[in-house]
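Sequence order for the protein chains is A and B.
FYI, in full-length UniProt numbering the residues of the first sequence are 1 to 415.
FYI, in full-length UniProt numbering the residues of the second sequence are 1 to 361.
See below for the structure under consideration.
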Amino acid sequence: MGSADERVVAVIMVGGPTKGTRFRPLSLNIPKPLFPLAGQPMVHHPIWACKTIPNLAQIYLVGFYEEREFALYVSSISNELKVPVRYLKEDKPHGSAGGLYNFRDLIMEDNPSHIFLLNCDVCCSFPLPGMLEAHRRYGGMGTVLVIKVSAESANQFGELVADPVTNELLHYTEKPETFVSDRINCGVYIFTPEIFTAIQGVSTQRKDRANLRRVSSFEALQSATRSLPTDFVRLDQDILSPLAGKKQLYTYETLDFWEQIKTPGMSLKCSALYLAQFRFTSPHLLASGDGTKSAAITGDVFVHPSAKLHPTAKIGPNVSISANARIGAGVRLISCIILDDVEIKENAVVIHAIVGWKSSIGRWSRVQASGDYNAKLGVTILGEAVTVEDEVVVINSIVLPNKTLNVSVQEEIIL
Amino acid sequence: MKALILVGGFGTRLRPLTLSVPKPLVDFANKPMILHQIEALKAIGVSEVVLAINYQPEVMLNFLKDFETNLGIKITCSQETEPLGTAGPLALARDKLIDDSGEPFFVLNSDVISEYPLKEMIAFHKAHGGEASIMVTKVDEPSKYGVVVMEQSTGKVEKFVEKPKLFVGNKINAGVYLLNPSVLDRIELRPTSIEKEVFPKIAAEKKLFAMVLPGFWMDIGQPRDYITGLRLYLDSLRKNSPSKLATGPHIVGNVIVDESAKIGEGCLIGPDVAIGPGCIVESGVRLSRCTVMRGVRVKKHACISSSIIGWHSTVGQWARVENMTILGEDVHVCDEIYSNGGVVLPHKEIKSSILKPEIVM
Numbered sequence: 001m002g003s004a005d006e007r008v009v010a011v012i013m014v015g016g017p018t019k020g021t022r023f024r025p026l027s028l029n030i031p032k033p034l035f036p037l038a039g040q041p042m043v044h045h046p047i048w049a050c051k052t053i054p055n056l057a058q059i060y061l062v063g064f065y066e067e068r069e070f071a072l073y074v075s076s077i078s079n080e081l082k083v084p085v086r087y088l089k090e091d092k093p094h095g096s097a098g099g100l101y102n103f104r105d106l107i108m109e110d111n112p113s114h115i116f117l118l119n120c121d122v123c124c125s126f127p128l129p130g131m132l133e134a135h136r137r138y139g140g141m142g143t144v145l146v147i148k149v150s151a152e153s154a155n156q157f158g159e160l161v162a163d164p165v166t167n168e169l170l171h172y173t174e175k176p177e178t179f180v181s182d183r184i185n186c187g188v189y190i191f192t193p194e195i196f197t198a199i200q201g202v203s204t205q206r207k208d209r210a211n212l213r214r215v216s217s218f219e220a221l222q223s224a225t226r227s228l229p230t231d232f233v234r235l236d237q238d239i240l241s242p243l244a245g246k247k248q249l250y251t252y253e254t255l256d257f258w259e260q261i262k263t264p265g266m267s268l269k270c271s272a273l274y275l276a277q278f279r280f281t282s283p284h285l286l287a288s289g290d291g292t293k294s295a296a297i298t299g300d301v302f303v304h305p306s307a308k309l310h311p312t313a314k315i316g317p318n319v320s321i322s323a324n325a326r327i328g329a330g331v332r333l334i335s336c337i338i339l340d341d342v343e344i345k346e347n348a349v350v351i352h353a354i355v356g357w358k359s360s361i362g363r364w365s366r367v368q369a370s371g372d373y374n375a376k377l378g379v380t381i382l383g384e385a386v387t388v389e390d391e392v393v394v395i396n397s398i399v400l401p402n403k404t405l406n407v408s409v410q411e412e413i414i415l
Numbered sequence: 001m002k003a004l005i006l007v008g009g010f011g012t013r014l015r016p017l018t019l020s021v022p023k024p025l026v027d028f029a030n031k032p033m034i035l036h037q038i039e040a041l042k043a044i045g046v047s048e049v050v051l052a053i054n055y056q057p058e059v060m061l062n063f064l065k066d067f068e069t070n071l072g073i074k075i076t077c078s079q080e081t082e083p084l085g086t087a088g089p090l091a092l093a094r095d096k097l098i099d100d101s102g103e104p105f106f107v108l109n110s111d112v113i114s115e116y117p118l119k120e121m122i123a124f125h126k127a128h129g130g131e132a133s134i135m136v137t138k139v140d141e142p143s144k145y146g147v148v149v150m151e152q153s154t155g156k157v158e159k160f161v162e163k164p165k166l167f168v169g170n171k172i173n174a175g176v177y178l179l180n181p182s183v184l185d186r187i188e189l190r191p192t193s194i195e196k197e198v199f200p201k202i203a204a205e206k207k208l209f210a211m212v213l214p215g216f217w218m219d220i221g222q223p224r225d226y227i228t229g230l231r232l233y234l235d236s237l238r239k240n241s242p243s244k245l246a247t248g249p250h251i252v253g254n255v256i257v258d259e260s261a262k263i264g265e266g267c268l269i270g271p272d273v274a275i276g277p278g279c280i281v282e283s284g285v286r287l288s289r290c291t292v293m294r295g296v297r298v299k300k301h302a303c304i305s306s307s308i309i310g311w312h313s314t315v316g317q318w319a320r321v322e323n324m325t326i327l328g329e330d331v332h333v334c335d336e337i338y339s340n341g342g343v344v345l346p347h348k349e350i351k352s353s354i355l356k357p358e359i360v361m
C-alpha cells in the first residue's frame, strides 16, 4: 500500500442532456445518472465504490447538465460519505479526456498522486482498491479496467490486447469492424497526473495540424472544420490507441459482472446486478417478508422506507420500489423498477417493466414484457404520470409521459 | 310427440373442447348443450327424442341414460354410417319418427341456442294448416346465410336464397322445424340438403310457413359465438327467470354460479360469466365474459376475460387469460402466465406466456 500522504481523487464522467438519448423516455424527466438502479441513483454506485479507495480526498462529477440538477444529490451524498463531492459543469462536451483536462487545475488542487476516472454509464463491481494496487505495481501512467466478453459482442466496445505476463496494454482499437480481441475496455481507469501532459500533447498536435491545413487549400480547410475541435480529446482513440505498446498503459482484468447502461432495458438488468451485489456489500438494503405481516418478498428486492406495500402483495425477484410508491392488495411485481409516487392498485401484475414517476396502474391490469434486455421493446417502459386503467394489458410497449391507456396495447410506442 | 336432434359430426369448430366430449355434451351455461334442447322438448310434452349422430353414439347414450330417467323422456340414437347432409338423417330415422298418431314432429339443430318457443310453434303450425313450419330469425348480415323470403302477414315461404349478394330479406333459417310425417315421404335415403332440396319443393306447393323467432338466437358452434351466445342466454335469463342469476356485491351484470362452486374474498365477477359445479375461485380473482367449466380452479388474483376454461383446468396466481383463449380439459396455466388468445389442447401445462393468438398442441 502507498504511504499515508498519497492522496487520490476520483472523477466520474456523467455526460449531459444531449447524450443518453437512447435512455428516453426515462431521461426526459431526470438526468440519466440520477436514474435509480437498485433503488440508488446510477451515479451512486461508482461513488459508493470510491469509498473503498484509501486516502480518497475528493470526488468530482464532470458533465454538461445544469448544476442545479445535481445540487441536491451532491450535497446529500457528501454528507453521507463524509468525502467532498463536487459537480463540475463543462461549457460544452470535451470528450472524456478533454473533460478531465478542462478541470486539471481543480483536480490538482489536492495534489493527488493518482486520479481515478470512471464512466457513469457502466455497471460493474468497480474493484478500485485492487486496481490501485496493481497500478502501483505496474509503475505506468495509466491502468485500464478490462473484461473478457464473447467474441461476437466485443465489437460494440473498445477491443484491446494486453501482454499476458506484464499486463501491458499492447494494442487498442475502438469498435473495430473485424475481430481484434475479446478483451474490452470497461470505461474505468486510474492515472498518474502525467495524463494531463499526454492530453495536452494530443491537443497541441491537433492545433498544429489544423493551422497547417488552414494555409494550404480550401479543400483542406473544409476537412479541417469537419475534424474535431482542438480541445475535444477522447480517451480511447486519442490516448489509449497511440500510447498502447509504449510501456505507459497497463490493464487490470475483472472477473465480476460488467454492463454498459445505454438503454432503459439495460437499466433493468443492471438494477438486478446491483441488487445481487447488495447481498454481499449492503444486505441491510434488501427487503424481506413472508406475506403474513408484510408483503411476501422473493429474491433480491429493494423497497424505499416510505413506500407502502400491502401484506397480500408478492414482490420479486429483481424489484426496486422508490419513494412513496403504494402497492395495493394482491399485487404481483416481478423484475421491475417502480419509481417515486407510483400507485399500483389491487391484483395488478407488473413483469419486466419500468413504471415512471406518479404513474397509476389499475386493478387487474397487467404491464409486461418479454424481458429481452437487448430488444427495443423487450422491457415495457411507462414514462412519468402514465395511467393504465383497470384491466388493461400493456405488453412490450413504451409509453411516453402523461398518457392514459384505456385499451390494451402490444408492441407499440405510444407518443 | 317426437323430435329429432341433428347432432352431426366431430364438432371440429369447437375444438379443443370437443376433443374431450362430443359437441352436444359440451357445457353451455352450466348444462350440456343438448340438454337445453331436450329440456325444452320435454317441457312441451315430447316423449321421445332421436339423436341423429355419426360419431361416438355410445358416449352420448351412456351420458344421457341418467337424464332419460330423471326427465322421463326416451332418448335413442340414429347413427349415420356416412354423412347424409341435413335431410338424409330424417329418412334414416323414419321408422323411429313415424307412429300411428300422425302428429307432426320437431327437428332441432344441436348447434343452436335460443328461447325455444316450441309451444307457440305448435300453435302456429296448427293455425296455418300447411305441411311444414320453420323458425326464422332476423340477422344483421343476411348475406352470410341462406335467407328465407316470406310473405310478411301469413309467413308463407316463397323461396330460399343462399348467401344473397343483394338484399332480399333479413330472416334466416334458425334450424328449428316442425314437420308433418308426410314430409318424410319427400326425402330419399341419400346425402341431401333440407334447405336446398326439400323445403323449396314444399314452398313451391305453398305448404311451408315460417315463424319469426321471438327472443335471441345463436349458432354456438364456434368459440366466439359460444361466448356471445352466453351473453344472449344470460340476458334472456335476466328477463325470464332472474332468480337463477347470482347476486351480491362482487357480481356485476348477469352471472350464473353453480351452487357447489366456491368464490373467495375480493373477487369481481361478471358480466356474462358462467361458473360450473365444483369450481374454486380464490380471492382477488376477476372474471368477465367467460365460461369456467366443472371442476376448474382459478387461483388468487388471476384475471380471465372473453375465454372458455375447460373442465378441471387450473389458472395460476396472477395469471391472465383473455381474448378468446380456449383451454381444453385439464389444462394448467402456471402462475403469472399471460395467455392472449391461446387455444390449448387437453392435458397441457402452460409455462410460458402466449402473447399472440396461437394453438398449443
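Positions of the beta carbon are idealized from the N, C-alpha and C atoms, including for glycine.
Bear in mind that the values here come from a model prediction, so they are computed numbers and not experimental data.
Given a length threshold of 3 residues, each whole run of the beta strand (DSSP E) inside the stretch 321-347 of chain B is given here in chain order: 338-340 and 342-344. Three or more Cβ pairs closer than 8 Å define a contact, and the stretch 177-184 of chain A falls short of that threshold against the stretch 197-204 of chain A. If you draw a straight line from the Cα of residue 322 (chain A) to the Cα of residue 73 (chain A), it is about 15 Å long. Between residue 15 (chain B) and residue 26 (chain B), the alpha-carbon positions lie close to 10 Å from each other.
Minimum Cα-Cα distance from residue 67 (chain A) among the listed residues A:99, A:100, A:58 and A:87 corresponds to A:87.
From the listed residues A:21, A:398 and A:90, the smallest Cα separation to residue 106 (chain A) is found for A:90. The residue among A:384, A:408 and A:375 with its C-alpha nearest the C-alpha of residue 268 (chain A) is A:375.
One alpha carbon belongs to residue 43 (chain A), the other to residue 120 (chain A), and they sit about 6 Å apart. Between the C-alpha atoms of residue 249 (chain B) and residue 266 (chain B) there is a straight-line separation of about 10 Å.
DSSP places residue 4 (chain B) within a strand segment (E or B) once states are collapsed to three. Nearest to residue 285 (chain A) by alpha-carbon distance, out of A:320, A:391 and A:110, is A:320. Below 8 Å, too few C-beta pairs join the stretch 66-76 of chain B and the stretch 174-187 of chain B to call them touching: fewer than three. The beta-bridge partner set that DSSP reports for residue 70 (chain A) is empty.
C-alpha of residue 46 (chain B) to C-alpha of residue 278 (chain B): approximately 32 Å in a straight line. The C-beta separation of residue 316 (chain B) from residue 334 (chain B) comes to about 5 Å, placing the pair in contact by the 8 Å criterion. At least one CB of chain A lies nearer than 8 Å to the CB of residue 286 (chain B).
Burial of residue 366 (chain A) is indicated by the presence of at least 16 other C-beta atoms within 10 angstroms of its C-beta. Taking 3 residues as the minimum length, the beta strand (DSSP E) runs contained wholly in the stretch 154-221 of chain B are 157-162, 171-179, 208-212 and 217-219, in order along the chain. For residue 13 (chain A), the number of other beta carbons within 10 angstroms of its own is at least 16, and it is reported as buried. When Cβ pairs closer than 8 Å are counted between the two stretches, the stretch 161-177 of chain B is seen not to touch the stretch 201-209 of chain B, the count staying below three. Counting only residues of its own chain and dropping the five nearest sequence neighbours on each side, residue 11 (chain B) has a CB closer than 6 Å to the CB of 18 and 23.
Shown here for residue 13 (chain B): same chain residues with a beta carbon closer than 6 Å to its own, the five before and five after excluded, namely 221 and 222 in chain order. For residue 48 (chain A), the uninterrupted alpha helix (DSSP H) segment begins and ends at 44-50.
Secondary structure at residue 248 (chain A): coil, using DSSP grouped into helix, strand and coil. Taking a Cβ-Cβ cut-off of 8 Å, the neighbours of residue 395 (chain A) in chain B comprise 338, 340 and 355, given in sequence order.
In this structure, B:52 is the residue among B:52, B:349, B:115 and B:32 with its C-alpha nearest to the C-alpha of residue 92 (chain B). Within the stretch 294-323 of chain B, those residues whose Cβ lies closer than 8 Å to any Cβ of chain A are, in chain order, 300, 301, 303, 305, 317, 318, 320 and 322.
Within the same chain, and ignoring the five residues on either side of residue 356 (chain A) in sequence, the residues whose Cβ sits closer than 8 Å to its Cβ are 25, 26, 29, 339, 342, 381, 382, 383, 384, 385, 386 and 401. Using a Cβ-Cβ cut-off of 8 Å, residue 175 (chain B) does not count as an interface residue toward chain A, since no Cβ of chain A sits closer than that to its own.
The distance from the Cβ of residue 273 (chain A) to that of residue 141 (chain A) is about 31 Å, inconsistent with a contact at the 8 Å cut-off. Between residue 301 (chain A) and residue 316 (chain A), the CB-CB gap stays under 8 Å. With respect to residue 175 (chain A), residue 156 (chain A) sits close: the two C-beta atoms are nearer than 8 Å.
Under the Cβ criterion of 8 Å, residue 266 (chain B) is counted among the residues facing chain A. CA-CA distance, residue 246 (chain A) to residue 84 (chain A), rounds to 35 Å.
Annotation: the continuous alpha helix (DSSP H) that includes residue 36 (chain B) extends over 33-43. Taking the Cα positions, residue 320 (chain B) is about 37 Å away from residue 281 (chain A).
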